[in-house]
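Read through the structure below, which is laid out as structure tokens, and then see the notes.
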Amino acid sequence: MAPQTRRTSSFPKVVIERDTDSEESSSSEEIDDGDDDAVDQEEESDEEEEEEEVVKSDKSKGNEEKAKEEIVSKKAPITISLKKVCKVCKRKGHEAGFKGATYIDCPMKPCFLCKMPGHTTMSCPHRVATEFGVVPAPRRNAHNSLDFVFERQLRPHIPKMKPAFVIPDEVQSAVVRYHSRRVTCLEFHPTKNNILLSGDKKGQLGVWDFEKVYEKTVYGDIHGCILNNIKLNPRNDGMLYTASSDGTVSYTDLETGISLSLTNLNPDGWQGPNSWKMLYGLDINSEKGVVIFADNFGYLYMVDMRSNSVMGEPILIHKKGSKVVGLHCNPIQPDLLLSCGNDHFARIWDMRQLKTGSSLYDLTHKRVVNSAYFSPLSGSKILTTSQDNRIRVWDSIFGSLDSPSREIVHSHDFNRHLTAFRAEWDPKDPSESLVVVGRYISENYNGAALHPIDFIDISTGQLVAEVMDPNITTISPVNKLHPHYDILASGSSRSIFIWKPKEKTEIEQPKDERKIVVCGKAEKKNGKKFGGDSDFDSDDDTHNSKGKNLTSKKPYSVSISCSTKKKHETYESKSSKKR
DNA sequence: AGGCGATGTTTCC
DNA sequence: TGGAAACCCTCGCC
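With the working numbering applied, the first sequence covers 16 to 594.
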């Protein structure tokens, strides 16, 4: 399906549309009408209490939206049913939850998207336009030594032109239920362009050739629990490093799956949660020949790539006892390291003088920072994803690192059942402005609640595209763009998808059916979804039993994989046993 | 097929 | 500081 851009109405229109918002929800209800008699809208009027409270909570809100929110607050909260009790706030008179494929927020809660009180997601201006509230960056005015480094060494790498974005918007191939637990990380092989590596919550490592769709392996004996990060060895791309919540870093041969444990931070086994170390961030500094990784107590470790031995003492780089979530080495300046953590900071370090408290910059966030990445080409910008539902861009050259140059509200809440969302750069975009990130909240797409993957232009805050597939009903928190081709890999629940740009011309291209492999309990016959237990070779859409056709595409070709790898028990071998 | 519950999480008190 | 609550647009399993 083509990338869908959201309604492009500008903000003032939103105020007016507040009325239409309720129309919107009721219109989606119209669709549902057939089966949802219970809810036949008695528009309730006995909601004075709630209404008052909405007005109260209104007082605490911020700034520019006042006018708008006043309008909003005069209206009654969205009211669904009289008898029902809201599962969120336990009050009567309204009910939060899905109404058909549209989710109705509890009006007593702050907006689920921007976290401001006084309105719900439905009427949030950020929902209508991602660029809402994105203001021009403050110009830099401070100059210190780091600024000088950036100016001298990074600025020449900044490209001038901004090309048209190419969006991979159609599922080209997939392995459905590839992993036995949800996917936690993805990494394209840097030189073997068809190889995608994936990690899951169980610690398994997937190696998949997505062009020869059936060539896939899962190594299950490398880690004991969550595989948090994969990095290929730039000096030997047949070998990869992985960091896991089991407290080990492994060095694994891609072909054989034979791995060497470089370090085990829990040599005495499980002694309780206060001592169990987990490794999240991992990166390789090729110039310095070190693998760096960090644990959930705030410490950074280094391993010498030649001797595979730990170097020196661990260094406290984030608040003691707090998790270091991510690490990234600057692609241009090998001395610069970026870290982010649960202490709400992303920090820039000089590798030459790495010691506690010596960070060059501390980038403050309101909540936990899920990820922080230098821009891939110039290394001069920083992209962070924070649990306050905001993507931030920090520009070391055109802005100041004292405050973000962009703050884009985007739905990527923390949820214990989901891998943390991470906004990722497009490594091919010479303008370093295209970013991909999965979306938490769903959109009612022809009667189905889908969670798109968003492409955002961080130079404007605009949503360039939102891609989705009617068969993918699960959230896709893990996304990676290919380093050389217009390919997106997304991880959603246990499945992995490869997206490519849709053919522009409808000319006779032999309608190459998309290649989908189904693993796991594919023998079930009752579902139609990619993410759930199903095979989906029939096309008639029973997605939400509303009789609406979600897609006019031809049936997918589905094949059940029975391939097994002898040496290592793979997931599909397990499932084929069951068969 | 509906409901239960897992969850090495984060926040708040 | 440690323990409990979180109310959430999950997902897989019984």
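Backbone N, C-alpha and C fix where the C-beta goes; we use that ideal spot for every residue, glycine too. These numbers come from a predicted model, not from an experiment.
Query, Result
"Pairs of beta-carbons, one from the segment 214-227 and one from the segment 275-286, closer than 8 Å: are there three or more?", "no"
"Using 10 angstroms around the beta-carbon of P249, count the other beta-carbons present and answer buried if the total reaches 16, otherwise exposed.", "exposed"
"Starting from V452, follow the alpha helix (DSSP H) in both directions and report where the run begins and ends.", "It is not in any alpha helix (DSSP H) - V452 instead sits in the beta strand (DSSP E) that spans L449 to G453."
"When the distance is taken between beta carbons, is L169 closer than 7 Å to S395?", "yes"
"When the Cα of E458 is compared with those of V482, S474 and V451, which residue comes out closest?", "V482"
"Decide yes or no for the touch test of the segment 481-497 against the segment 436-445: beta carbon pairs closer than 8 Å, at least 3 of them.", "yes"
"Under 7 Å Cβ to Cβ from A111, same chain only, skipping five residues before and after it: list those, please.", "C101, K102, V103, I119, D120 and C121"
"Rounded to the nearest angstrom, what separates F312 and P516 at their Cα positions?", "42 Å"
"Would you mind listing the beta strand (DSSP E) stretches within the segment 357-408 that are 3+ residues and don't spill past its ends, in chain order?", "360-365, 376-379, 384-389 and 396-401"
"Go ahead and label H499 buried or exposed: buried means 16 or more other beta carbons lie within 10 angstroms of its beta carbon, across all protein chains shown.", "exposed"
"In this structure, does DSSP put Y460 in helix, strand or coil?", "strand"
"Which residues does DSSP list as the beta-bridge partners of E202?", "L212"
"Between the segment 370-387 and the segment 341-358, can you find at least three pairs of beta-carbon atoms closer than 8 Å?", "yes"
"Runs of 4 residues minimum, wholly inside the segment 486-520: which ones carry the alpha helix (DSSP H) assignment?", "none"
"Quick one: using the 10 Å Cβ neighbour count with 16 as the cut-off for buried, is W285 buried or exposed?", "exposed"
"Does L269 come out as helix, strand or coil in the three-state DSSP assignment?", "coil"
"What does a CB cutoff of less than 6 Å around F127 pick up in its chain, not counting 5 residues either side in sequence?", "D120 and T136"
"What would DSSP say about R321, mapped onto helix, strand or coil?", "coil"
"State the Cα-Cα distance for the pair G372 and S508, rounded to the nearest angstrom.", "38 Å"
"I'd like to know if the segment 236-249 and the segment 261-270 are in contact, where contact means that at least 3 CB-CB pairs between them fall below 8 Å.", "yes"
"Express the C-alpha separation of P178 and S322 in angstroms, rounding to a whole number.", "44 Å"
"Taking all protein chains shown into account, decide if P288 is buried (16 or more other Cβ within 10 angstroms of its Cβ) or exposed.", "exposed"
"Near G476, which residues of its chain fall below 7 Å by C-beta distance, leaving aside the five closest residues on each side in sequence?", "T145, E146, V149, R421 and I423"
"Would you identify the three-state DSSP class for R196, choosing helix, strand or coil?", "coil"
"How close, in whole Å, do the beta carbons of I473 and V452 come, if the pair is a contact with beta carbons under 8 Å?", "The Cβ separation is near 10 Å, so there is no contact."
"So I511 and Y234 are supposed to be a Cβ contact under 8 Å. How far apart are they, rounded?", "Wrong, their Cβ atoms sit about 15 Å apart, outside the cutoff."
"Over the uninterrupted alpha helix (DSSP H) stretch that includes R421, give me the two end residues.", "Unbroken run through R421 is the beta strand (DSSP E), R421 to V424; no alpha helix (DSSP H)."
"Closer than 6 Å by C-beta to L503: which residues in its own chain qualify, once you throw out the five before and the five after it? Chain order, please.", "P183, L496 and W514"
"Using a Cβ-Cβ cutoff of less than 7 Å, which residues in the same chain neighbour H238 once the five nearest sequence positions on both sides are dropped?", "G218, T257, S259, D261, T263 and S265"
"Check whether the Cβ atoms of L297 and N244 lie closer than 7 Å to each other.", "yes"
"If you check the beta carbons only, do Y314 and L342 fall under 7 Å apart?", "no"
"Compare the Cα-Cα distances from M366 to each of H172, P140 and V306 and report the closest residue.", "V306"
"Alpha carbon to alpha carbon, how far is S574 from R529?", "Residue placement at S574 is poorly supported in this model, since its pLDDT is 30, which falls under 50; the coordinates are not used for a value here."
"Since Q477 sits in a beta bridge, which residues does DSSP pair it with?", "D472"
"Considering just the uninterrupted stretch of the alpha helix (DSSP H) at V143, what are its terminal residues?", "P140 to V143"
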